[in-house]
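First residue of the sequence shown? That's 422 in the working numbering, and the numbers climb one at a time after it.
Using N, Cα and C, we set each Cβ at its ideal position, and we do this for glycine too.
Here the structure comes first, spelled out in structure tokens, and everything after it is commentary.
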Amino acid sequence: MNIIVLGAGAIGSIFGAKLSRLNDVLLIARKGHADKINRNGLKVTGIESKTYKIKAATRVKKIYRGTLILLTTKVTDSQRAINSIKGMVRKDTTILCVQNGLYSENIVKRITGGKCLVLRAVTNFGAAFLKPGAVKYNSYSYTAIEKNERSKEIAENFRKCGLNGHMSENIKHDMWKKLALNCVLNPITSILKIKNREIADERLNPLKRLVIEECAKVARKDGVNIDYSVERLNSAFKKSENISSMQQDLIKGKRTEIDYLNGAVAELGKKYGVKCPVNEALAEIVKGMEKD
422 MNIIVLGAGA IGSIFGAKLS RLNDVLLIAR KGHADKINRN GLKVTGIESK
472 TYKIKAATRV KKIYRGTLIL LTTKVTDSQR AINSIKGMVR KDTTILCVQN
522 GLYSENIVKR ITGGKCLVLR AVTNFGAAFL KPGAVKYNSY SYTAIEKNER
572 SKEIAENFRK CGLNGHMSEN IKHDMWKKLA LNCVLNPITS ILKIKNREIA
622 DERLNPLKRL VIEECAKVAR KDGVNIDYSV ERLNSAFKKS ENISSMQQDL
672 IKGKRTEIDY LNGAVAELGK KYGVKCPVNE ALAEIVKGME KD
């Protein structure tokens with residue numbers, strides 16, 4: 422299968438590397454990263470130590486028949502990334518949005534205007550960008566892919582390549598479940614400037630519980646019941662030495678995805694008549710930190 426990874430940062434590089442086992446993969450990345458990969462290969466460290474020989478470029482020149490495009494940019498970069506290829510997509514092109522955020526795939530659907538198939542994916546694989554040409558593979562997880570007639574083949578391909586792919590029976594539920602986790606982890610660790618494992622501090626439980634409860638109320642109005650407890654979150658992150666992606670963005674002076682996480686929950690809450698003061702406050706604090 423021809424696969425283009427659009428936005429090969431940390432997670433995109435890991436997905437591209439793993440998929441290169443059985444597919445013809447092209448990573449679209451920033452110039453420094455692409456140059457290093459083409460010259461020396463993609464160096465992966467962490468739970469796996471290997472150098473992958475894989476093609477990289479800074480832009481897409483052609484999209485072949487039946488190509489799968491993995492969109493792994495930050496949601497804030499989706500519009501720019503998709504605008505760069507919208508004139509080349511075809512009916513047999515599939516764009517798989519492997520991103521965070523509440524209905525972030527709708528940005529892609531709006532730009533492509535039905536010219537190709539757009540699907541959502543949810544994953545909990547963990548990775549960190551170390552330097553051009555090198556990424557760290559932090560944690561193994563799953564990749565849930567929105568149900569469609571093309572999804573079974575994609576999921577099987579992912580599974581064979583070590584990405585634990587499966588076709589989701591309810592991608593909306595998967596999205597909300599991951600969203601609730603991100604609405605707790607990302608802003609709180611960013612505001613307090615702590616590692617992910619420190620989110621398990623029980624003194625933070627009342628705040629975490631309020632965030633999750635607001636997310637659950639809006640999700641119910643949106644037709645989804647999520648059962649995600651503070652205790653479960655604490656257990657999942659108590660040993661994690663990672664720094665959240667939002668905190669990494671703030672450190673680098675980049676715009677975060679807060680408008681597509683807590684901010685999006687608060688906005689959808691307004692539509693459904695559900696007040697979300699905690700999510701709204703966290704979003705405003707992080708946006709204030711972006712300006713510093």
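Contact check, residue i vs residue j, beta carbons under 8 Å
{"i": "Asn683", "j": "Asn700", "result": "yes"}
{"i": "Ala431", "j": "Phe550", "result": "yes"}
{"i": "Ile484", "j": "Ile503", "result": "no"}
{"i": "Val519", "j": "Ala555", "result": "no"}
{"i": "Asn545", "j": "Tyr558", "result": "no"}
{"i": "Ser505", "j": "Arg486", "result": "no"}
{"i": "Glu635", "j": "Cys697", "result": "yes"}
{"i": "Leu540", "j": "Glu570", "result": "no"}
{"i": "Asn578", "j": "Met422", "result": "yes"}
Residue i versus the options, residue with shortest Cα-Cα distance
{"i": "Ala478", "options": "Gly586, Cys697 and Val426", "result": "Val426"}
{"i": "Ile633", "options": "Leu671, Lys598, Ser661 and Phe658", "result": "Lys598"}
{"i": "Asn603", "options": "Arg460, Arg442, Phe658 and Leu492", "result": "Phe658"}
{"i": "Gly428", "options": "Leu448, Lys439 and Glu652", "result": "Leu448"}
{"i": "Val695", "options": "Thr677, Ala640, Met710 and Gln669", "result": "Ala640"}
{"i": "Lys474", "options": "Ile468, Leu492, Ser441 and Val496", "result": "Ser441"}
{"i": "Val605", "options": "Asn461, Asp498 and Ala702", "result": "Ala702"}
Between the CA atoms of residue j and residue i - distance to the nearest angstrom
{"i": "Glu623", "j": "Thr466", "result": "32 Å"}
{"i": "Leu489", "j": "Val446", "result": "10 Å"}
{"i": "Leu517", "j": "Gln669", "result": "24 Å"}
{"i": "Met710", "j": "Ser434", "result": "28 Å"}
{"i": "Gly747", "j": "Gly690", "result": "For the chain, the structure presents residues 422 to 713; residue 747 sits outside this window and is missing."}
{"i": "Thr472", "j": "Asn607", "result": "30 Å"}
{"i": "His587", "j": "Met596", "result": "14 Å"}
{"i": "Leu463", "j": "Ala548", "result": "14 Å"}
{"i": "Lys530", "j": "Val707", "result": "28 Å"}
{"i": "Ala687", "j": "Val496", "result": "17 Å"}
{"i": "Lys476", "j": "Arg676", "result": "28 Å"}
{"i": "Asp498", "j": "Pro553", "result": "19 Å"}
Residue(s) in a DSSP beta bridge with residue i
{"i": "Leu491", "result": "Val426 and Leu517"}
{"i": "Leu447", "result": "Ile425 and Lys476"}
{"i": "Ile566", "result": "Ala542 and Met588"}
{"i": "Thr466", "result": "Lys557"}
Check whether the stretch 651 to 670 and the stretch 616 to 631 touch, using three or more Cβ-Cβ pairs below 8 Å as the test.
The stretch 651 to 670 vs the stretch 616 to 631: in contact.
Contact between the stretch 670 to 685 and the stretch 507 to 525 is defined here as three or more beta-carbon pairs at a separation below 8 Å; is this criterion met?
A contact exists between the stretch 670 to 685 and the stretch 507 to 525.
Looking at C-beta atoms only, is the number of pairs between the stretch 643 to 652 and the stretch 586 to 594 that lie closer than 8 Å three or more?
Yes, the stretch 643 to 652 touches the stretch 586 to 594.
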